[in-house]
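Sequential numbering of the sequence shown, starting at 1122, is according to my numbering.
Note that CB positions come from ideal geometry on N, CA and C, so glycine has one too.
Bear in mind the structure is a predicted one, so any value in this text is a computation, not a measurement.
Below you'll find the structure, written out as structure tokens, and then a few comments.
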Amino acid sequence: MSETGSSFSGAEPFTLAVDGMGGDGGPEVVVAGLAIAADRHPGSRVLLIGDESRLTEVLARHPKAAAICTVRPAGSAIPMDMKPTAALRVRDSSMRLAMDAVAQGEALGVVSAGNSGAMLALAKIVIKTLPGVSRPAMAAISPTLRGDAVMLDLGANVACDARNLVEFAVMGEAFAKAVLGLPAPTIGLLNVGSEEVKGDEKLRQAAEILRNSPLAAQFHGFVEGHDITAGTTDVVVTDGFTGNVALKTGEGALKMAFVLLRQVFRSGLLAKLGYLLVRPGLERMREWLDPRRYNGAVFVGLNGVVVKSHGGTDAEGFASAVDVAMDMVSHRFNESIRDQISRLETLAVMRPGVEKEQPAVAAVS
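Written out as structure tokens, the structure reads:
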């Protein structure tokens, strides 16, 4: 259905505001994803924002999505190549209106498959950070040998100080509780070695603070690159530069492995026969490592739930991003962060005079 008016009347807030125009597939993928999500979250209410005529047309082909969606028209959409500073000036875009809905309390969270840099910039300006949080971070779920793990920051902040890393640990712990359902997730700081003397001053200072914090029992210490996929800890904390490099290195290694396997099993008749024998196991592995299952990076530390879907995903992948947002809303993710940050305010890194502000440069792509 469509709105008769766009002003917030103070009624029950929408569960999510969704940018209907973001991503490579546009409304077709977004609405198809919402149709899948509607089966998983039948009680949800979605404010779908974008080109009204186009969204209405696509919704007509997806009655399950139409049943949970209210369409709000937007005058424009943010292109994938638009610079964040330019996106801030476009006040009638579908992404901006979705952010406005959260900032005004009309929706509890936002999901978009659009321009990452623009999304982060808009979220910081419109929704703003939580009290006590110096910077938001990008977090996501990744597969490990022991199950799933949370990693942050993945590119929102190139340079971080000890305070930022401690805040990331708090937010990552809350994320793991809300989305992975872990009662007491373990936390590791990514470093060049596991020994306490390794790393630079900011890492050692962050580790010391966490050892004396309310999260001390869950803090594992330093972890190395191989610990990420080993699942040594449930949460891996690092700066945005290192996290982004680690993420894309892992993605590249996974693609290479599948390409090499394909070449091996096509190399001859015996190889093809071998493939038939191991095919069931390979199919299970492919399902487990399917990137659509892990779609939905989260900008944590904001005054609302903000989930970024990969721009090139399909309907199943977009539905996974919606799942992440729904989990965070239902588990009161931000309230958990507020509680932990208030407890950490007594620590030295949170007091004026200790914190050193770093230049806020985003590496999100």
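Roughly how many whole angstroms lie between the Cα atoms of residue i and residue j?
i, j, result
"A1299", "N1455", "10 Å"
"A1441", "V1421", "Per the sequence presented here, residue 1441 reads as Ser, with Ala not at that position. S1441 and V1421: Cα-Cα distance of roughly 17 Å."
"V1450", "D1172", "26 Å"
"P1134", "F1439", "22 Å"
"D1140", "P1148", "9 Å"
"A1436", "H1162", "15 Å"
"V1399", "L1382", "12 Å"
"H1341", "G1309", "5 Å"
"G1395", "V1380", "17 Å"
"M1240", "A1277", "11 Å"
"R1256", "A1378", "36 Å"
"K1319", "V1419", "29 Å"
"D1145", "A1228", "25 Å"
"E1345", "E1317", "12 Å"
"T1206", "V1426", "22 Å"
"G1314", "G1364", "16 Å"
"R1210", "K1245", "14 Å"
"V1428", "E1329", "31 Å"
"R1414", "K1323", "34 Å"
Could you work out which residue in the options is closest to residue i when comparing CA atoms only?
i, options, result
"L1410", "A1374, A1436, N1424 and L1390", "A1374"
"N1274", "P1264, A1258 and I1262", "In the sequence as displayed, the identity of residue 1274 is Asp instead of Asn. For D1274, the nearest C-alpha among the options comes from A1258."
"V1366", "M1272, D1355 and R1387", "M1272"
"Q1461", "L1331, G1342 and V1380", "L1331"
"D1355", "V1291, K1369 and T1370", "V1291"
"L1301", "N1285, G1432, A1446 and E1178", "A1446"
"I1262", "E1408, M1406, H1452 and L1368", "L1368"
"A1305", "A1244, P1335 and K1245", "P1335"
"L1168", "L1243, H1183, G1432 and V1231", "V1231"
"T1434", "G1154, R1193 and G1389", "G1154"
"G1268", "M1406, S1457 and V1426", "M1406"
"H1431", "T1206, L1303, V1313 and V1150", "V1150"
"P1194", "I1170, V1313 and V1179", "I1170"
"S1463", "G1364, E1288, L1390 and F1362", "E1288"
"S1165", "A1187, R1182 and V1179", "A1187"
"T1136", "L1397, C1190, K1376 and V1152", "C1190"
"N1285", "V1358, G1371 and K1429", "V1358"
Quick one: what's got a C-beta closer than 7 Å to residue i's C-beta in the same chain, skipping five residues either side?
i, result
"L1266", "T1350, A1351 and G1352"
"A1392", "V1385 and F1386"
"R1175", "P1148"
"D1221", "V1247"
Identify, in the order they occur along the chain, each residue of the same chain with its Cβ nearer than 6 Å to the Cβ of residue i, setting aside the five sequence neighbours on each side.
i, result
"N1424", "I1248, K1249 and L1251"
"A1158", "A1440 and V1443"
"G1143", "S1233, A1234 and G1235"
"K1185", "A1156 and A1159"
"A1481", "Residue placement at A1481 cannot be trusted, given a pLDDT of 45 that sits under 50; the coordinates are not used to answer."
"L1218", "I1170 and A1195"
"A1224", "V1247 and I1248"
"L1303", "A1297 and D1355"
Examine the ligand FMN and report whether any of its heavy atoms sits within less than 7 Å of the Cβ of residue i.
i, result
"G1143", "In the structure on display, the ligand FMN does not appear, and there are no ligands present to speak of."
Throw me the rounded Cβ distance for the residue i and residue j pair, which I believe falls under 8 Å.
i, j, result
"D1348", "C1281", "The pair is not a contact, with the Cβ atoms about 19 Å apart (cut-off 8 Å)."
"V1152", "V1192", "Actually they do not touch by this definition, with Cβ atoms about 10 Å apart."
Might you give, ordered along the chain, the residues of its own chain that have their beta carbon closer than 8 Å to the beta carbon of residue i, omitting 5 neighbours on each side?
i, result
"R1459", "L1251, P1252 and G1253"
"A1337", "L1331"
"D1213", "A1195, G1196 and S1197"
So, does the region 1194-1204 touch the region 1226-1236, judging by three or more C-beta pairs under 8 Å? yes
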